[in-house]
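S.K.: Numbering (the numbering used here), first residue to last: -7 to 91.
Take this structure, written in structure tokens, and hold onto it; I'll ask about it next.
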């Protein structure tokens, strides 16, 4: 089972491979989402959890889109990495649900 640290490492590795324009789009979308949740008076824990989940989904989706434009061998590696991050996220969600 992947730990939160492992998930962060995978997501950060994917993020670093994205063009700057896509990274900026993710940053803007995540900040808007965070502001929206804060304005709706969600708890700090809820904001942190939901923003992290949204961030990882944004990075994974952008990375997968970028991977489709890459060569087939790069795409296979990208898909494996994205799948690993998704599994780590699901494991983290399951662990938090048990708490």
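Ideal placement from N, C-alpha and C gives every residue a C-beta, glycine not left out.
Between the alpha carbons of residue 28 and residue 37, how many angstroms are there, rounded?
M.R.: Straight-line Cα distance between these residues: approximately 15 Å.
S.K.: Once the 5 residues before and after residue 39 are set aside, which same chain residues still bring their CB inside 7 Å of it?
M.R.: Excluding positions up to five away in sequence, the list reads 26, 29, 30.
S.K.: Taking only the alpha-carbon atoms, compute the straight-line gap between residue 11 and residue 59 and give it to the nearest angstrom.
M.R.: Cα to Cα, the separation comes out at about 12 Å.
S.K.: Whose CA, out of 44, 32, 3, lies closest to the CA of residue 54?
M.R.: When only C-alpha atoms are compared, the closest one is 3.
S.K.: Could you tell me whether the Cβ of residue 1 comes closer than 8 Å to any Cβ of chain D?
M.R.: Within the model displayed, chain D is absent; a lone protein chain is all it includes.
S.K.: Kindly indicate which residue of -1, 21, 7, 34 has the alpha-carbon position closest to the one of residue 57.
M.R.: Nearest of -1, 21, 7, 34 to residue 57, Cα basis: 7.
S.K.: Under the three-state reduction of DSSP, which class applies to residue 59: helix, strand or coil?
M.R.: Helix.
S.K.: How many angstroms separate the CA atom of residue 32 from the CA atom of residue 61?
M.R.: The straight-line gap from Cα to Cα measures roughly 38 Å.
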